[in-house]
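Asker:
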Amino acid sequence: MHPQPTNHTAPQGDDEERDQRSWKRAERAVCSLPYRHTFYGLVSDQAISSAGFCQRTDLDRLFRGRVAAPDSVENDWIWLIRLGVLRREVDGQGLTERVRLTPMGRQLLATWTGEIPTATPLQRLRHWVSRYRPRR
């Protein structure tokens, strides 16, 4: 008779499947959102706030299309934080409004040598559903 797994540890296969789903969800988000590869390179090297981002003069290098208000940018970043692509910068006072790229974000961006591919309409729909209609 084989021992049953406890509720405290998931089988290795479940962990791998969960990691693959997380990776795919992050990949879809990065392709669906309007941030260019150079944006992720910027937050890999330095922390930046949404207000500071919106005031930059080189936004066309960092963003596809017209940049919305800092609140809209912040909402995108919160989503990327939830997916594990970005993280909040920490200073001596605690969390700040600035973001940086995570190790997972670095690995994901390393899969594209040039510009990030634009998501297909189906990928954008799946991204929208996972962002605004998550599983319960």
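Positions in the sequence shown are counted from 1; adding 3 to them yields this note's numbering. Ideal Cβ placement from N, Cα and C applies to all residues, glycine included.
1. What are the boundary residues of the alpha helix (DSSP H) that valine 108 is part of?
2. Return the CA-CA distance between aspartate 63 and arginine 39, expressed in angstroms with no decimal places.
3. Here's the rule: buried if 16 or more other CB atoms are within 10 angstroms of the residue's CB, otherwise exposed. What is leucine 111?
4. Find the nearest neighbour of isoleucine 51 within the set Thr116, Gly44, Arg103 and Leu65, judged by alpha-carbon distance.
5. Which residue from Met107, Ala32 and Gly95 puts its Cα closest to that of asparagine 78?
6. Could you please give the first and the last residue of the uninterrupted beta strand (DSSP E) stretch that includes valine 93?
7. Which of the three DSSP states is assigned to glycine 97 in this structure?
8. Which of the three DSSP states is assigned to arginine 103 in this structure?
9. Ends of the alpha helix (DSSP H) at leucine 128?
10. Rounded to the nearest angstrom, what separates arginine 127 and serine 35 at their Cα positions?
Answerer: According to the structure data:
1. It is glycine, not valine, that sits at residue 108 in the sequence shown. That run of the alpha helix (DSSP H) goes 106-113.
2. Cα-Cα distance, rounded: 9 Å.
3. The residue is buried, with at least 16 neighbouring Cβ atoms inside 10 Å.
4. Checked all of Thr116, Gly44, Arg103 and Leu65; the closest Cα to isoleucine 51 is Arg103.
5. Distances from the CA of asparagine 78 to each of Met107, Ala32 and Gly95 were compared; the closest alpha carbon is that of Ala32.
6. Its beta strand (DSSP E) spans residues 89-94.
7. Glycine 97: strand per DSSP, three-state reduction.
8. Arginine 103 sits in a strand when the DSSP states are folded into three classes.
9. Its alpha helix (DSSP H) spans residues 124-135.
10. Between arginine 127 and serine 35, the C-alpha separation is close to 6 Å.
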